[in-house]
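K.L.:
I am attaching a structure below and will ask some questions about it afterwards.
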Amino acid sequence: MKITSGSVVKLEWSLSIEGKIVERSLVGEAQTILMGQAKSLPAGLEGLLIGHDAGQEFTATLENGYGIYDPSKVHSAKKSDFPASTNLELGASFYTQDETGKPLVARVVKLEQDNVTVDFNHPFAGKTLEYQIKVLHVRPAEKNELEHGHVHGEGGVQHH
Ligand SMILES: [Zn+2]
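Residue numbering for the sequence shown follows our numbering, starting at 39 and increasing by one per position.
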């Protein structure tokens, strides 16, 4: 059966950027997801599955899958403006939040004497995502899986 918004899908995937694999499902271990609830998948991957069938292996590219790179999300600040516990090494990432409380990841991209430049863009922002996807199994979700918002049984939550 073809994948729809109400399917449980077992798949293997990898995400490459500029020809290098940056994320993948565990090698030799497929991932089982409930469509619409696959928060553990990288951006846009879930949408690419619709209409595909078990046994299919395909590649798909997604431009700016993590959004467009926004230069206004790069900020300079004084080192002393950061909590003492913040790791301000070049390349280090830390969690913070925007004005609305939404979690953000900031990366230290430049260090000068007293100043730190941080980039709030997702590390993959502005990149073309290249997905390699292998669909192993597709079945309709059961009613209580849809109610719970997760997969039951193999590859999913085992309730007692
Ligand atoms: Zn459940």
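Cβ coordinates follow ideal geometry from the N, Cα and C atoms, glycine included.
Helix, strand or coil: how does DSSP classify H190 here?
P.N.:
The residue given as residue 190 occupies position 152 in the sequence shown. The answer is strand: DSSP assigns H190 an E or B state.
K.L.:
Which runs of the alpha helix (DSSP H) fall wholly inside the segment 65-137 and span at least 4 residues, in chain order?
P.N.:
83-87
K.L.:
On the criterion of 16 or more Cβ atoms from any shown chain inside 10 Å, does V195 qualify as buried, or is it exposed?
P.N.:
On the sequence shown, position 157 is the one that residue 195 refers to. Answer is exposed; the Cβ neighbour count stays below 16.
K.L.:
For the pair the segment 82-89 and the segment 61-70, tell me if three or more CB-CB distances fall below 8 Å.
P.N.:
no
K.L.:
Shorter than 7 Å, the distance from the beta carbon of V195 to the closest heavy atom of ligand 1, or not?
P.N.:
Within the sequence shown, the letter at position 157 stands for residue 195. Yes - ligand 1 has a heavy atom lying nearer than 7 Å to the Cβ of V195.
K.L.:
Consult DSSP for N182 and reduce its assignment to one of helix, strand or coil.
P.N.:
Counted from its first residue, the sequence shown places residue 182 at position 144. Three-state DSSP puts N182 in a helix.
K.L.:
So that I know if they touch, is there some Cβ in chain B lying closer than 8 Å to that of V60?
P.N.:
Of the chains in the structure shown, none is chain B; there is only one protein chain.
K.L.:
For F120, collect the residues of the same chain with a Cβ closer than 8 Å to its Cβ; drop the 5 residues on either side in sequence, then sort them by chain order.
P.N.:
For this step, residue 120 is matched to residue 82 along the sequence shown. Here the set comprises L126, V154.
K.L.:
If you draw a straight line from the alpha carbon of Q44 to that of L184, how long is it in whole angstroms?
P.N.:
In the sequence shown, residue 44 corresponds to position 6, counting from 1. In the sequence shown, residue 184 corresponds to position 146, counting from 1. It should be noted that the sequence gives Gly, not Gln, for residue 44. So the alpha carbons of these two residues sit roughly 8 Å apart.
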